[in-house]
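K.L.:
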Amino acid sequence: MGKNIIIVGGGPAGTIAANSLAKKLKKEEASITVIDKTGKHVYEPGLLYLTFGEQDPKDIVRNERDILNKKVSLIVDEATKIDTKREIVELKRGDKLHYDYLIIATGARLCPEEVPGMKEGAYHFYNVDEALKLKDALNKFDKGKIVIGVGGVPYKCPPAPAEIACFLDYKLRRKRIRDKVEIHYLSPLPRIFPIESIDPIVKEIFDKEEIKYTTFFNVESVDPERKEVKSLEGETIGYDLLILIPPHKGSKVIEDSLLGDRGGWVPTDRYTLKVKGYDNVYAIGDATDLPISKSGAAAHYEAKVVANNIASEIKGNESLDKYNGKVVCICDSGNKAIYLKFDYDHPPKSTRPRWIYRLLKLTFNKLYWHTVAKARFL
Ligand SMILES: Cc1cc2nc3c(=O)[nH]c(=O)nc-3n(C[C@H](O)[C@H](O)[C@H](O)COP(=O)(O)OP(=O)(O)OC[C@H]3O[C@@H](n4cnc5c(N)ncnc54)[C@H](O)[C@@H]3O)c2cc1C
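First residue of the sequence shown? That's 38 in my numbering, and the numbers climb one at a time after it.
(1) Where in the region 344-404 do unbroken runs of the beta strand (DSSP E), each at least 3 residues long, occur, reported from the N-terminal end onward?
(2) Where does the unbroken beta strand (DSSP E) through residue 110 begin, and where does it stop?
(3) Only counting the same chain, and skipping five residues up and downstream in sequence, which positions put a Cβ closer than 6 Å to that of residue 352?
(4) In or out: residue 396 buried (at least 16 other Cβ within 10 Å) or exposed?
(5) Report yes if the C-beta of residue 45 is less than 7 Å from at least one heavy atom of ligand 1; otherwise report no.
(6) For residue 41, which beta-bridge partners are listed by DSSP?
(7) Whole angstroms are fine: how far does the CA of residue 91 sit from the CA of residue 294?
(8) Could you tell me whether any non-hydrogen atom of ligand 1 is closer than 7 Å to the CB of residue 203?
(9) Applying the 10 Å Cβ sphere with the 16-neighbour rule, what's the burial state of residue 150?
(10) Between 299, 320 and 393, which lies nearest to residue 306 when the distance is taken from Cα to Cα?
(11) Kindly give me the distance between the Cβ atoms of residue 88 and residue 172, rounded to whole angstroms, as I take these residues to be in contact under 8 Å.
(12) Kindly examine ligand 1 and report whether one of its heavy atoms sits closer than 7 Å to the Cβ of residue 250.
(13) Which first and last residues belong to the alpha helix (DSSP H) in which residue 303 is found?
(14) Suppose contacts are defined by Cβ-Cβ distances below 8 Å. Is residue 162 in contact with residue 84 by that definition?
(15) Closer than 6 Å by C-beta to residue 345: which residues in its own chain qualify, once you throw out the five before and the five after it? Chain order, please.
(16) When you compare the CB positions of residue 58 and residue 72, do they come within less than 8 Å of one another, or not?
(17) Under 8 Å by Cβ, that's how I've got residue 54 and residue 140 pegged, so tell me the actual separation to the nearest angstrom.
(18) So, using beta-carbon positions, are residue 349 and residue 146 closer together than 8 Å?
(19) List the endpoints of the continuous beta strand (DSSP E) containing residue 242.
(20) Can you tell me whether residue 377 is buried or exposed? The criterion is at least 16 other CB atoms within 10 Å of its CB, across all chains shown.
(21) Thinking residue 51 and residue 142 are a contact (beta carbons under 8 Å), I'd like their distance in whole angstroms, please.
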């Protein structure tokens, strides 16, 4: 009888793993099931473009069933408990599914409630509804001070707050109102950009475009009445419009199954991607505690490693593939972009912003659905 492979989470990580496995294994070798609570697949890099009216929700959200290989079953339900002793995943509506192999790909959970005043006082663009609200607010904004900050670390796509600052600068210049709007960027780190080797380039852009910044600003609370954001370091900064990346935690099922660390991130071996202490349980994508950017690119490469190794094992071969921390990412500033490639041992090399990289990103945004998501070509 074939093996039962259960994948919890149908975002990029879970979908790419499922589609890769479906290509490698025959029906009689394994049954592959994805459990996703929404049944929708969101291409989150598109959220930045949604915020500035360059993409629509239909461009970045698809039905998960339409992306999955026909050999993969989809269950649209929430996993409420993962019981690693009995090798069972429990679903909200009561089903209990046995697994031989489990892949945890539950992503990250946005927790704006963790910052007092954030829900009432700040916008963000980390999901479709909030990105559309921010889009409306920005369309109406014609003068004053926009403050951009981070509500807590870690958060997915570490370059995204700096990207939106640059995007905003570019769009306001095109609207010819840049001189009426101050942009102030708050970084929780001692530098602007999370990656040290790239920070000087981003600093140069911020200085040239007159984007103000304050480093070591770890957000403590927001006062929506006074329109002020306060830091743990004791600073207070006023705003007219505040964009704050919400704090992130692991999925609730990870907490409820006692599988995570304090933040709900799954302790994961950085090379094999096995959940520490288990031989048949893997974690990939944003759900892990890996020391690498929470990014779709990492999710993609991790999913391929896990799919290769599970398929090899089922076929009776040795499983040898290791994840080396590879991430490829293009940071778009509205008219140009920076191309970054790095792994556990090699930080990204310094690179200049170029329009060709932006073109590459815009093309990739369209190709994603037909290539990466379907585990084709790349
Ligand atoms: C604004 C923004 C811009 C970004 N830009 C880039 C970029 O340019 N490049 C890049 O590489 N990355 C980018 N990212 C990051 C990237 O989108 C994420 O890292 C990626 O989506 C992670 O994939 P994932 O499958 O691990 O998690 P997710 O995409 O979060 O998917 C997790 C899935 O699990 C499901 N789930 C969770 N809990 C349960 C449960 N209990 N039961 C059932 N289902 C569950 C959820 O419904 C979801 O479908 C960006 C992110 C944002 C927010």
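Beta carbons are placed, not taken as given, at the ideal position from N, Cα and C, and that holds for glycine.
P.N.:
Taking the geometry as given:
(1) With a minimum length of 3 residues, the continuous beta strand (DSSP E) runs that stay inside the region 344-404 are 364-369 and 374-379.
(2) Here the beta strand (DSSP E) through residue 110 covers 109-113.
(3) None.
(4) Here residue 396 is exposed: its Cβ has fewer than 16 other Cβ atoms, across all protein chains shown, within 10 Å.
(5) The answer is yes for residue 45.
(6) According to DSSP, which records beta bridges pairwise, residue 41 is partnered with 68.
(7) The C-alpha of residue 294 lies about 40 Å from the C-alpha of residue 91.
(8) No.
(9) The residue is exposed, with fewer than 16 neighbouring Cβ atoms inside 10 Å.
(10) Distances from the CA of residue 306 to each of 299, 320 and 393 were compared; the closest alpha carbon is that of 320.
(11) Cβ-Cβ separation between residue 88 and residue 172: approximately 5 Å, consistent with a contact (criterion under 8 Å).
(12) When distances are taken from the beta-carbon of residue 250 to the heavy atoms of ligand 1, even the shortest one reaches 7 Å or more.
(13) First-last for residue 303: undefined, no H or E at that position.
(14) Taking 8 Å as the Cβ cut-off, residue 162 and residue 84 qualify as a contacting pair.
(15) Take residue 345, set aside five residues on each side of it, and the residues of its chain with a beta-carbon closer than 6 Å to its own are 358, in chain order.
(16) For the 8 Å CB-CB criterion, residue 58 and residue 72 do not form a contact.
(17) At roughly 5 Å, the Cβ-Cβ gap stays under 8 Å, so residue 54 and residue 140 are in contact.
(18) At the C-beta level, residue 349 and residue 146 stay beyond 8 Å of one another.
(19) No beta strand (DSSP E) contains residue 242, which is instead part of the alpha helix (DSSP H) from 236-245.
(20) By the 10 Å Cβ count, residue 377 comes out buried.
(21) Between residue 51 and residue 142 the beta-carbon gap is near 4 Å, inside 8 Å, which marks them as a contact.
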